[in-house]
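The sequence shown lines up with residues 0 to 443 when you count with numbering that gives the first Met the number 0. A quick write-up on the structure given underneath.
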Amino acid sequence: MEKQTGFKNKYVLGISFISALGGYLFGFDFAVISGALPFLQKQFAFNSHWEGFATGVLALGAIAGCIVAGWFANKYGRRPGLMLAAALFAVSSVAMALAPTRDFFLVARFTAGAGVGMASMLSPMYISEIAPAAIRGRLVAMNQLTVVLGILITNLVNYTLRNTGIDAWRYMFGFGVIPSGLFFAGAWFLPESPRWLLRNNLEARAENVLSKIGDSVFVRESIAMIKGSFSGASNVNYAALLKRAVLPAVLTGIGLAIFQQLCGINTVFNYAPKIFQSIGASKDDQLLQTVFIGSVNLVFTVLAMLLVDKLGRKPLMLIGAGGLSILYVLIVRALLANAGVVSYLLLAAIGTYAMTLAPVIWVLIAEIFPSKIRSAAITVAVVSLWLAYFILVFTFPILFEHLKENTFYIYAVVCACGFLFVLFRIKETKGKTLEEVEQAMTMH
Numbered sequence: 000m001e002k003q004t005g006f007k008n009k010y011v012l013g014i015s016f017i018s019a020l021g022g023y024l025f026g027f028d029f030a031v032i033s034g035a036l037p038f039l040q041k042q043f044a045f046n047s048h049w050e051g052f053a054t055g056v057l058a059l060g061a062i063a064g065c066i067v068a069g070w071f072a073n074k075y076g077r078r079p080g081l082m083l084a085a086a087l088f089a090v091s092s093v094a095m096a097l098a099p100t101r102d103f104f105l106v107a108r109f110t111a112g113a114g115v116g117m118a119s120m121l122s123p124m125y126i127s128e129i130a131p132a133a134i135r136g137r138l139v140a141m142n143q144l145t146v147v148l149g150i151l152i153t154n155l156v157n158y159t160l161r162n163t164g165i166d167a168w169r170y171m172f173g174f175g176v177i178p179s180g181l182f183f184a185g186a187w188f189l190p191e192s193p194r195w196l197l198r199n200n201l202e203a204r205a206e207n208v209l210s211k212i213g214d215s216v217f218v219r220e221s222i223a224m225i226k227g228s229f230s231g232a233s234n235v236n237y238a239a240l241l242k243r244a245v246l247p248a249v250l251t252g253i254g255l256a257i258f259q260q261l262c263g264i265n266t267v268f269n270y271a272p273k274i275f276q277s278i279g280a281s282k283d284d285q286l287l288q289t290v291f292i293g294s295v296n297l298v299f300t301v302l303a304m305l306l307v308d309k310l311g312r313k314p315l316m317l318i319g320a321g322g323l324s325i326l327y328v329l330i331v332r333a334l335l336a337n338a339g340v341v342s343y344l345l346l347a348a349i350g351t352y353a354m355t356l357a358p359v360i361w362v363l364i365a366e367i368f369p370s371k372i373r374s375a376a377i378t379v380a381v382v383s384l385w386l387a388y389f390i391l392v393f394t395f396p397i398l399f400e401h402l403k404e405n406t407f408y409i410y411a412v413v414c415a416c417g418f419l420f421v422l423f424r425i426k427e428t429k430g431k432t433l434e435e436v437e438q439a440m441t442m443h
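What follows is the structure, given as C-alpha cells:
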C-alpha cells in the first residue's frame with residue numbers, strides 16, 4: 000500500500016541538511032589528522048604507537064559522546080543534543096589549535112571526539128525520525144554526504160596550508176571553529192523530532208511539526224503509526240536490548256557497525272600519506288593524494304544517495320563487501336610491485352566504500368531498531384562502531400610497521416566475512432516506514 004505521499008520536499012530537505020551538518024564535523028576531524036600528522040610527529044615526537052593513539056583518541060571521545068547523547072536526547076530532545084555537539088566541537092577546535100603539549104592536544108582531541116560522537120548518533124537519528132519513508136534512505140545518506148564534504152574540504156585546506164611552516168597543523172585544527180559555529184546556528188532553528196514530542200506527551204507540538212512536513216493526511220497517518228509503535232513501551236533501559244524479540248535487530252546493528260570500520264578503508268583516509276610514503280612519494284604528493292581520495296569519496300557518495308532508495312540497502316552492501324575484498328588483494332600485489340597503479344586501486348576502494356558501506360550502514364542503523372529501544376540501540380551500535388574505529392586506526396601504524404602491504408590481506412578477509420554476514424542476516428528495508436521495518440525485524 001502506498002503511504003505518506005503528501006509531504007513537502009523542500010522543508011524536509013532543508014531541516015535534514017541542517018541536521019546533517021553534524022556529519023561535516025565528523026568529516027573534518029576525521030580528515031584533519033592525516034594532513035597534520037607529519038607536523039605532529041615533529042612537534043610532539045610521535046612514534047607509531049603515539050601516532051595511532053593520536054588518531055584513535057577521537058574514537059574514545061566519540062564513545063563518551065554517544066553514551067551522553069543517548070541519555071541527553073531522550074531527556075531533553077534531539078535538537079538540544081545537536082546544539083551541544085556543535086558547542087563541544089567549537090571549543091575543542093580552538094583548544095587543539097593552541098595546544099602547548101602532547102597531553103593537552105590529546106585531551107582536546109578527545110573532547111572533539113565527544114562532539115563528533117554526539118553528532119554521529121543524533122544526526123542520522125533525527126533525520127530518520129523526521130523523514131517520510133519514501134525518501135528516508137536518501138535523507139539519512141545526506142549525513143554521509145556532509146561527512147565526505149568535510150573530508151574533501153579539509154583535505155584541500157590541509158594541502159593549501161602544507162608549506163606555511165611548522166605551525167601549519169595549528170591552522171588546520173583551528174579552522175574547525177567555522178563549521179561548528181554554522182552547525183550551532185542552524186540547529187537553533189530546527190524543529191524537535193515529532194517522535195520525541197509524542198513520546199513526551201506533547202501532541203500539539205508534534206502535530207505542528209508534522210504539518211510543516213506534510214499535508215493533513217500525512218499528519219494523521221504519521222501520528223497513528225508513531226503512537227502504535229509506542230504501545231506497551233516503558234522507560235527505555237539497556238537491559239531491554241537483551242529481550243528475545245529485539246535482540247536479533249540489536250546484534251545485527253552491532254555487527255554492521257563493527258564491520259563498517261574493520262573493513263579497513265579508514266586506514267586509507269587517515270594514513271594515506273604513510274601508505275604513499277612507503278612507495279617513495281614526496282610530502283606534496285602524499286597530501287595531493289588525500290585530495291584525490293576526498294574527491295572520489297564525494298562523487299561516489301552522491302551516487303549512493305541516488306541508489307539507496309532505488310536499488311535498495313542489501314544489494315549495495317553486498318557489492319561493497321565483495322568489491323573491497325577483491326580490491327584489497329590487488330592493492331597488496333601493487334604495493335609489493337611498487338606499481339603506480341596502487342593510486343588507482345586505492346581510489347577504486349574509496350569509491351566502492353563511498354557508494355555502498357559508508358552511507359548504507361548509517362541508514363540501516365537509523366532504521367532497523369524498534370521504536371521503544373531505538374535510542375538505546377543506536378547508542379550501543381554507534382559505540383561499537385567507534386570502538387572498532389579506534390582498534391582499526393590504533394593498530395594500523397603498528398601492523399604496517401611489521402607487515403607492510405600484507406596488512407591489507409587482513410581487511411580482505413574481514414570483507415569476505417562481512418559479505419556472508421550481509422547475505423544471511425540483513426533484510427531489505429527500502430520503502431518501508433520505520434514501523435513496518437520494526438514489524439519485519441521482530442517477526443520470528
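A virtual CB, placed ideally from N, CA and C, is assigned to each residue, including glycine. These numbers come from a predicted model, not from an experiment.
Quick one: give me the first and last residue of the alpha helix (DSSP H) that F445 is part of.
In this structure the chain extends from 0 to 443, so residue 445 is not present and cannot be described.
Inspect the CB distances between the region 280-296 and the region 217-229 and report whether three or more fall short of 8 angstroms.
no
Can you list, in chain order, the residues of its chain with a C-beta nearer than 6 angstroms to that of K403? Leave out the 5 residues immediately preceding and following it.
Within the sequence shown, numbered from 1, the residue matching residue 403 stands at position 404. Answer for K403: no residue qualifies.
Simplified DSSP state of G13, which is helix, strand or coil
The sequence position of residue 13 within the sequence shown is 14, counting from 1. Here G13 sits in helix by DSSP.
Taking contact to mean at least 3 C-beta pairs separated by less than 8 angstroms, is the region 28-39 in contact with the region 186-198?
no
Proximity winner among W361, F420, L24, relative to S179 (alpha-carbon distances)
Taking the first residue of the sequence shown as position 1, residue 179 is located at position 180. S179 has its Cα closest to that of L24, out of W361, F420, L24.
Alpha helix (DSSP H) containing C414: first to last residue?
In the sequence shown, counting from the first residue as 1, residue 414 sits at position 415. First-last of the alpha helix (DSSP H) with C414: 406-424.
Expected contact under 8 angstroms - CB spacing of G350 and F299 to nearest Å
Along the sequence shown, one-based indexing puts residue 350 at 351. Along the sequence shown, one-based indexing puts residue 299 at 300. Their Cβ separation, rounded to whole angstroms, is 4 angstroms, which keeps G350 and F299 in contact under 8 angstroms.
Scan the region 19-52 and note each continuous alpha helix (DSSP H) run of 4 residues or more that stays entirely inside, going in chain order.
none
May I have the straight-line CA-CA distance separating A347 from G149, to the nearest angstrom?
Along the sequence shown, one-based indexing puts residue 347 at 348. Along the sequence shown, one-based indexing puts residue 149 at 150. Each residue's alpha carbon lies about 20 angstroms from the other.
With 16 other CB atoms within 10 Å as the buried threshold, where does S15 fall?
Sequence index remark: in the sequence shown, residue 15 carries index 16 (1-based). By the neighbour-count rule (16 or more Cβ atoms within 10 Å), S15 is buried.
Contact the region 128-145 vs the region 81-93: 3+ CB pairs below 8 angstroms
no
Is L240 helix, strand or coil when you go by DSSP?
Residue mapping note: residue 240 aligns to position 241 of the sequence shown, counting from 1. Three-state DSSP puts L240 in a helix.
Going by beta carbon distance, what residues of the same chain come within less than 7 angstroms of Q276, once the five residues before and after it are set aside?
Along the sequence shown, read from residue 1 onward, the residue named residue 276 stands at position 277. Here the set comprises Q285.
Relative to the C-alpha of G112, which candidate in F45, V90, E128 has its C-alpha closest?
Against the sequence shown, residue 112 aligns to sequence position 113. The residue with the shortest Cα to Cα distance from G112 is V90.
Looking only at C-alpha atoms, which of A248, G80, M141 sits nearest to G114?
Sequence index remark: in the sequence shown, residue 114 carries index 115 (1-based). The candidate whose alpha carbon is nearest that of G114 is G80.
What is the residue span of the alpha helix (DSSP H) that K309 lies within?
For the purposes of this step, residue 309 is taken as the residue at position 310 of the sequence shown. Looking at the DSSP string, K309 is not in any alpha helix (DSSP H), and its letter there is neither H nor E.
Grab the span of the alpha helix (DSSP H) containing G136 for me, first residue to last.
Sequence index remark: in the sequence shown, residue 136 carries index 137 (1-based). 132-160 is the span of the alpha helix (DSSP H), which, as asked, contains G136.
Given this structure, state the Cα-to-Cα distance separating Q444 from I165, to the nearest angstrom.
Outside the modelled stretch of the chain, which goes from 0 to 443, sits residue 444, for which no answer is possible.
Along the chain, where does the alpha helix (DSSP H) that runs through S481 open and close?
For residue 481 there is no data in the structure shown, the boundaries of the chain being 0 and 443.
Neighbour-count burial assignment, I318, 16 or more Cβ in a 10 Å radius
Numbered from 1 along the sequence shown, position 319 holds the residue referred to as residue 318. That one is buried.
Answer with buried or exposed for G444, where buried requires no fewer than 16 other C-beta atoms within 10 angstroms of its C-beta.
Examination of residue 444 is not possible in this model, given that the chain is present from 0 through 443 alone.
Which of helix, strand or coil DSSP assigns to F277:
Stepping through the sequence shown from its first residue, residue 277 is reached at position 278. With the sequence shown as reference, residue 277 is identified as Ser, and Phe is not the correct amino acid for it. Correct three-state label for S277: coil.
Taking 8 angstroms as the cut-off, decide whether the C-beta atoms of C65 and M124 are in contact.
Taking the sequence shown and counting its residues from 1, the one referred to as residue 65 is at position 66. Taking the sequence shown and counting its residues from 1, the one referred to as residue 124 is at position 125. Their beta carbons are not under 8 angstroms apart, which means C65 does not touch M124 by this criterion.
Among K242, A338, L155, V290, which one has its Cα closest to the Cα of P369?
Translated into the one-based positions of the sequence shown, residue 369 becomes position 370. Nearest of K242, A338, L155, V290 to P369, Cα basis: K242.
Where E427 falls: helix, strand or coil (DSSP):
Here residue 427 corresponds to residue number 428 of the sequence shown, with the count starting at 1. Here E427 sits in coil by DSSP.
Given that a residue counts as buried once 16 or more other Cβ atoms are within 10 Å of its Cβ, and exposed if not, what is A118?
Position 119 of the sequence shown holds residue 118. Answer is buried; the Cβ neighbour count reaches 16.
Hey, A58 and W385: beta-carbon distance below 8 angstroms or not?
For this step, residue 58 is matched to residue 59 along the sequence shown. For this step, residue 385 is matched to residue 386 along the sequence shown. The answer is yes: Cβ separation under 8 angstroms.
Quick one, which of L297, V31, R332, H48 has its alpha-carbon nearest A271's?
Here residue 271 refers to the residue found at position 272 when the sequence shown is read from its first residue. That would be V31, whose Cα lies nearest to the Cα of A271.
Starting from F174 and walking both ways along the alpha helix (DSSP H), at which residues does that stretch end?
Walking along the sequence shown from the start, residue 174 turns up at place 175. Here F174 belongs to no alpha helix (DSSP H), and DSSP marks it neither H nor E.
What does the alpha-carbon distance come out to for the pair R101 and S374?
For the purposes of this step, residue 101 is taken as residue 102 along the sequence shown, with counting starting at 1. For the purposes of this step, residue 374 is taken as residue 375 along the sequence shown, with counting starting at 1. Looking at the two C-alpha atoms, the distance is approximately 35 angstroms.
If I264 and L323 are in contact, beta carbons under 8 angstroms, what's the gap, nearest whole angstrom?
Within the sequence shown, residue 264 is the residue found at index 265, counting from 1. Within the sequence shown, residue 323 is the residue found at index 324, counting from 1. Yes, I264 and L323 are in contact; Cβ-Cβ is about 7 angstroms, under 8 angstroms.
What number of angstroms, rounded off, separates the C-alpha of A376 from the C-alpha of T289?
Residue numbering aside, residue 376 sits at position 377 when the sequence shown is read from its first letter. Residue numbering aside, residue 289 sits at position 290 when the sequence shown is read from its first letter. Answer to the nearest angstrom: the Cα atoms are 34 angstroms apart.
What residue range is occupied by the uninterrupted alpha helix (DSSP H) comprising P369?
What you label residue 369 is simply residue 370 of the sequence shown in a count that begins at 1. Premise fails: P369 is in no alpha helix (DSSP H) and is neither H nor E.
Could you confirm whether any beta carbon from chain D is found closer than 8 angstroms to the beta carbon of F420?
In summary, chain D is missing from the structure at hand, where a single protein chain is found.
What whole-angstrom Cβ distance do E191 and G76 have, given they're in contact under 8 angstroms?
Counted from its first residue, the sequence shown places residue 191 at position 192. Counted from its first residue, the sequence shown places residue 76 at position 77. Confirmed, Cβ separation roughly 5 angstroms.
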